[in-house]
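Visitor:
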Amino acid sequence: MKLASVGRIILKSPREIELMRAAGRLVNRVLCELEGRIRPGVTTAELDEVATELIRSAGATALFQGVQTPQARFPFPSSICASVNEVVVHGIPDARPLSEGDVVSIDCGVRLQGYCGDAARTFSVGRAAPAAQELLDAARAALELAVEEIRPGKRWSQVARRMQRLVEGRGFSVVREFVGHGIGREMHEEPKIPNYWSRGAGNADFELVPGMTLAVEPMITAGQPEVEFADATHWPVVTRDRSWAAHFEDTVAVTESGADVLSDGR
Ligand code: MG
Ligand code: MG
Numbered sequence: 328m329k330l331a332s333v334g335r336i337i338l339k340s341p342r343e344i345e346l347m348r349a350a351g352r353l354v355n356r357v358l359c360e361l362e363g364r365i366r367p368g369v370t371t372a373e374l375d376e377v378a379t380e381l382i383r384s385a386g387a388t389a390l391f392q393g394v395q396t397p398q399a400r401f402p403f404p405s406s407i408c409a410s411v412n413e414v415v416v417h418g419i420p421d422a423r424p425l426s427e428g429d430v431v432s433i434d435c436g437v438r439l440q441g442y443c444g445d446a447a448r449t450f451s452v453g454r455a456a457p458a459a460q461e462l463l464d465a466a467r468a469a470l471e472l473a474v475e476e477i478r479p480g481k482r483w484s485q486v487a488r489r490m491q492r493l494v495e496g497r498g499f500s501v502v503r504e505f506v507g508h509g510i511g512r513e514m515h516e517e518p519k520i521p522n523y524w525s526r527g528a529g530n531a532d533f534e535l536v537p538g539m540t541l542a543v544e545p546m547i548t549a550g551q552p553e554v555e556f557a558d559a560t561h562w563p564v565v566t567r568d569r570s571w572a573a574h575f576e577d578t579v580a581v582t583e584s585g586a587d588v589l590s591d592g593r
């Protein structure tokens, strides 16, 4: 008899992981479709409309729509989060046209047949300035490193330390206040998955076990790591120093030998 959970972390069966892959595939399809539409003059509200229709026509629901936090003035109103430049996460799609050289992080989550997928990418609008491209490359590399490092028996702190070292080694900072999460039937399950590690900072370490399904999502900044709410809605999270940010996320299953990315479109 296989374990169904480790502490409060719910392990998934092979069948459940395949259902999560179907959700991840839809999320990937949305992100690829939006990537093809991102150019100067396009608005994030237009991108959200496209995402909404793709999710609806696939028979899925958008996970972020209607989410309420303790602080927020109103439930999250859109299918995707679209976070431009100094916005780190939870940007609300709006009618402002994107400009050449902006960076926009698109985060998409869906529930399909009862299981969730969650992924994010940061794209440049037109051509990125070299410094912006380096920021995007570092965030993507941190996620790729995590996927390479995940294997059963390892502790998450070992992976998180390596992600942090990579990001800081390139001159960027890792956001502390927002972290990844377990995912499955619910968008947010145990455990919390930080992208950094500091002894005594209250991080709960855990051992990676086959059947765990994790949304790994490095959020990094070009300046200092501190973030704050952009306004009284308590939705968009911006860097306190208004430096630009990047965010890459994949839904990943821990296997017997490593990691299986469920949101890479395969
Ligand atoms: Mg996400
Ligand atoms: Mg997530």
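First residue of the sequence shown: 328, per our numbering; consecutive thereafter.
The beta-carbon is built from N, C-alpha and C at its ideal position, and this holds for glycine as well.
What you are looking at is a predicted structure, and each value in this text was computed from that prediction instead of being measured.
1. In whole angstroms, what separates the C-alpha of Gly-444 from that of Thr-578?
2. Using the beta-carbon count (16 or more within 10 Å), is Asp-421 buried or exposed?
3. Across which residues does DSSP place Ile-520 in a beta bridge pair?
4. From this set, Arg-569, Gly-585, Gly-592, Asp-558, which residue's C-alpha is nearest Arg-400's C-alpha?
5. Quick one: what does DSSP say Ala-573 is sitting in, helix, strand or coil?
6. Quick check on the contact list: which residues have their beta carbon closer than 5 Å to a heavy atom of ligand 1?
7. Quick test of your reading: Val-394 and Val-411, contact by CB under 8 Å. State the CB separation rounded to the nearest angstrom.
8. If you measure from the CB of Ala-542, is any heavy atom of ligand 2 nearer than 6 Å?
9. Mapping DSSP to helix, strand and coil, what is Glu-534?
10. Count the CB pairs spanning the segment 543-551 and the segment 565-575 that are closer than 8 Å, and state whether there are at least three.
11. Buried or exposed: which applies to Arg-438, given that a residue is buried once 16 or more other Cβ atoms fall within 10 Å of its Cβ?
12. Is Thr-379 helix, strand or coil when you go by DSSP?
13. Spatial neighbours of Pro-552 within its chain, please: C-beta separation below 7 Å, excluding the five flanking residues on both sides.
14. How far does the beta strand (DSSP E) with Asp-445 in it reach, from first residue to last?
15. Straight-line CA distance for Gly-498 to Gly-386?
16. Return the first residue and the last residue of the alpha helix (DSSP H) that Ser-486 is part of.
17. Let me know if Glu-521 comes out buried or exposed under the rule of 16 or more other beta-carbons within 10 Å of its beta-carbon.
Guide: In short:
1. Looking up residue 444 in the sequence shown gives position 117. Looking up residue 578 in the sequence shown gives position 251. Gly-444 and Thr-578: Cα-Cα distance of roughly 6 Å.
2. For the purposes of this step, residue 421 is identified with residue 94 of the sequence shown, where counting begins at 1. By the neighbour-count rule (16 or more Cβ atoms within 10 Å), Asp-421 is not buried but exposed.
3. Reading the sequence shown from its first residue, position 193 is the one you call residue 520. In DSSP, Ile-520 forms a bridge with Gly-507.
4. Here residue 400 is taken as the residue at index 73 of the sequence shown, counted from 1. For Arg-400, the nearest C-alpha among the options comes from Asp-558.
5. One-based indexing of the sequence shown puts residue 573 at position 246. Three-state result, Ala-573: strand.
6. Answer in sequence order: Asp-434, Asp-445, Ala-447, Glu-576.
7. Reading the sequence shown from its first residue, position 67 is the one you call residue 394. Reading the sequence shown from its first residue, position 84 is the one you call residue 411. 20 Å between Cβ atoms; not a contact.
8. Position 215 of the sequence shown, counted from the start, is the residue given in the question as residue 542. Yes; taking the cut-off as 6 Å, the Cβ of Ala-542 has a heavy atom of ligand 2 nearer than that.
9. Looking up residue 534 in the sequence shown gives position 207. Glu-534: strand per DSSP, three-state reduction.
10. yes
11. If you number the sequence shown from 1, residue 438 lands on position 111. Buried, because 16 or more other Cβ atoms sit within 10 Å of the Cβ of Arg-438.
12. For the purposes of this step, residue 379 is identified with residue 52 of the sequence shown, where counting begins at 1. In this structure, Thr-379 counts as helix in the three-state DSSP scheme.
13. Here residue 552 is taken as the residue at index 225 of the sequence shown, counted from 1. The beta carbon of Pro-552 sits closer than 7 Å to the beta carbons of Ser-500, Val-501, Val-502, Arg-503 from its chain, once the five residues preceding and following it are set aside; these are given in chain order.
14. If you number the sequence shown from 1, residue 445 lands on position 118. Unbroken beta strand (DSSP E) run through Asp-445: 442-451.
15. Taking the first residue of the sequence shown as 1, we reach residue 498 at position 171. Taking the first residue of the sequence shown as 1, we reach residue 386 at position 59. Looking at the backbone, the Cα of Gly-498 and that of Gly-386 are separated by about 43 Å.
16. Indexing the sequence shown from 1 puts residue 486 at position 159. Here the sequence assigns Val to residue 486, which means Ser is not the residue at that position. Segment 483-496, the alpha helix (DSSP H) holding Val-486.
17. Here residue 521 refers to the residue found at position 194 of the sequence shown. It should be pointed out that residue 521 corresponds to Pro in this sequence rather than to Glu. Burial call: buried.
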